[in-house]
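Undergrad:
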Amino acid sequence: CMLRDENEVGQFRNELQLMSQSETSRMQTRLAVFASGLAILIGWLILLLTRRLTGPLTDITDEVSRVAAGEWTKAVPHAQRSDEVGRIARAIEAMQIALIERDRMRQEMIRIDASNQRRLAMGEAIGRFENGIGDVMAKMGEAAEALARASDAIGKAARSAAHPAARLQRPTIAPAQAATLASGAPH
Numbered sequence: 152c153m154l155r156d157e158n159e160v161g162q163f164r165n166e167l168q169l170m171s172q173s174e175t176s177r178m179q180t181r182l183a184v185f186a187s188g189l190a191i192l193i194g195w196l197i198l199l200l201t202r203r204l205t206g207p208l209t210d211i212t213d214e215v216s217r218v219a220a221g222e223w224t225k226a227v228p229h230a231q232r233s234d235e236v237g238r239i240a241r242a243i244e245a246m247q248i249a250l251i252e253r254d255r256m257r258q259e260m261i262r263i264d265a266s267n268q269r270r271l272a273m274g275e276a277i278g279r280f281e282n283g284i285g286d287v288m289a290k291m292g293e294a295a296e297a298l299a300r301a302s303d304a305i306g307k308a309a310r311s312a313a314h315p316a317a318r319l320q321r322p323t324i325a326p327a328q329a330a331t332l333a334s335g336a337p338h
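Going by the working numbering, the final residue of the sequence shown carries number 338, and the count climbs one at a time with no gaps.
Structure representation (structure tokens):
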């Protein structure tokens, strides 16, 4: 009786081993499918998170490059975010504002410098004009003094010539009048 039981036990053991191997194989297949699905899900989540992080960072990098190239008036994307990307975007906006103000001040300084250069040139021109007028006035003063001396000399000469002419004129006037009366010509 024991043999039979041993044969049955052996057969039962073999069936159990086959069932165990079959169940283990099915369990391994299920685990492989589950692991594959989990790996795909994790890969998809990593890709999604990577794009969520690198997309804005790529935008920020492009924006920094644009600012470095001198384009300061375009709105910076992602400035409304409350994370690090938003802080970086707001810092870029602040830099843009500072650069715009710097350019405005630079243009104002150029305008002021040009105005000062014109004012300086005008001052130099006025100085040269005043010097030229001063020279002309000095020469006119010298000419006026020379004319005054010449006038004095002519006046002295005229006065000295007037005395002898007056003496000559008196004796000649009376005979001329007498001659005129004798001829009957009207005076």
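We put the beta carbon where it would ideally sit given N, CA and C, even for glycine.
(1) Which of helix, strand or coil does DSSP assign to Ala-309?
(2) Would you tell me roughly how many angstroms separate the C-alpha atoms of Asn-165 and Glu-174, rounded to the nearest one?
(3) With H, G and I counted as helix, E and B as strand and the rest as coil, what does DSSP make of Lys-290?
(4) Any idea what DSSP makes of Ala-249, helix, strand or coil?
(5) Is Gln-231 helix, strand or coil by DSSP?
(6) Distance check for Ala-242 and Asp-234, CA to CA, integer angstroms please.
(7) Using the beta-carbon count (16 or more within 10 Å), is Glu-275 buried or exposed?
(8) Exposed or buried, Ile-263, counting other C-beta atoms within 10 Å across all chains shown (16 or more means buried)?
(9) How should Ala-186 be labelled, buried or exposed, when 16 other C-beta atoms within 10 angstroms of its C-beta is the threshold for buried?
(10) Could you compute how far the alpha carbon of Glu-157 sits from the alpha carbon of Ala-190?
(11) Could you tell me if Ile-248 is buried or exposed, where buried requires 16 or more neighbouring beta carbons within 10 angstroms of its beta carbon?
(12) Does the Cβ-Cβ distance between Ala-245 and Ala-230 come in under 8 angstroms?
(13) What is the rounded straight-line gap between the Cα of Leu-298 and the Cα of Arg-279?
(14) From the DSSP output, in three-state form, read off Ala-226 for me.
(15) Helix, strand or coil for Gly-221, going by three-state DSSP, please let me know.
(16) In or out: Val-227 buried (at least 16 other Cβ within 10 Å) or exposed?
(17) Which word fits Glu-378, buried or exposed, when buried means at least 16 other C-beta atoms lie within 10 angstroms of its C-beta?
(18) Buried or exposed: which applies to Val-236, given that a residue is buried once 16 or more other Cβ atoms fall within 10 Å of its Cβ?
(19) Would you mind giving the Cβ-Cβ distance between Lys-225 and Arg-232, rounded to the nearest angstrom? I have them listed as a contact below 8 angstroms.
TA: Let me lay it out:
(1) Position 158 of the sequence shown, counting from 1, holds the residue named residue 309. Helix, per DSSP.
(2) For this step, residue 165 is matched to residue 14 along the sequence shown. For this step, residue 174 is matched to residue 23 along the sequence shown. Straight-line Cα distance between these residues: approximately 14 angstroms.
(3) Position 139 of the sequence shown, counted from the start, is the residue given in the question as residue 290. In this structure, DSSP gives Lys-290 a helical state, which the three-state scheme calls helix.
(4) In the sequence shown, residue 249 corresponds to position 98, counting from 1. Ala-249 falls in the helix class under three-state DSSP.
(5) For the purposes of this step, residue 231 is taken as residue 80 along the sequence shown, with counting starting at 1. Three-state result, Gln-231: coil.
(6) Here residue 234 is taken as the residue at index 83 of the sequence shown, counted from 1. Here residue 242 is taken as the residue at index 91 of the sequence shown, counted from 1. Each residue's alpha carbon lies about 13 angstroms from the other.
(7) Locating residue 275 in the sequence shown gives position 124, counting from the first residue. With fewer than 16 other Cβ atoms within 10 Å, it is exposed.
(8) Counting from one through the sequence shown, the residue named residue 263 turns up at place 112. Ile-263 is exposed by the Cβ-count criterion.
(9) Taking the first residue of the sequence shown as 1, we reach residue 186 at position 35. Around the beta carbon of Ala-186, a 10 Å sphere encloses fewer than 16 other beta carbons of the protein chains shown; the residue is thus reported as exposed.
(10) Stepping through the sequence shown from its first residue, residue 157 is reached at position 6. Stepping through the sequence shown from its first residue, residue 190 is reached at position 39. In a straight line, the C-alpha of Glu-157 is about 47 angstroms away from that of Ala-190.
(11) The residue you call residue 248 lines up with position 97 of the sequence shown. Under this definition Ile-248 is an exposed residue.
(12) Taking the sequence shown and counting its residues from 1, one reaches residue 245 at position 94. Taking the sequence shown and counting its residues from 1, one reaches residue 230 at position 79. Not in contact: Ala-245 and Ala-230 (Cβ atoms no closer than 8 angstroms).
(13) In the sequence shown, residue 298 corresponds to position 147, counting from 1. In the sequence shown, residue 279 corresponds to position 128, counting from 1. Going by the C-alpha atoms only, they are around 28 angstroms apart.
(14) Counted from its first residue, the sequence shown places residue 226 at position 75. DSSP places Ala-226 in coil when its eight states are reduced to three.
(15) Counted from its first residue, the sequence shown places residue 221 at position 70. Per DSSP, reduced to three states, the secondary structure at Gly-221 is coil, with no helix or strand assignment.
(16) Numbered from its first residue, the sequence shown carries residue 227 at position 76. Val-227 comes out buried.
(17) Nothing about residue 378 can be reported from this structure: the residues present for the chain run from 152 to 338 only.
(18) Working through the sequence shown from its first residue, we reach residue 236 at position 85. Flag for Val-236 reads buried.
(19) Walking along the sequence shown from the start, residue 225 turns up at place 74. Walking along the sequence shown from the start, residue 232 turns up at place 81. Not confirmed; about 17 angstroms, so no contact.
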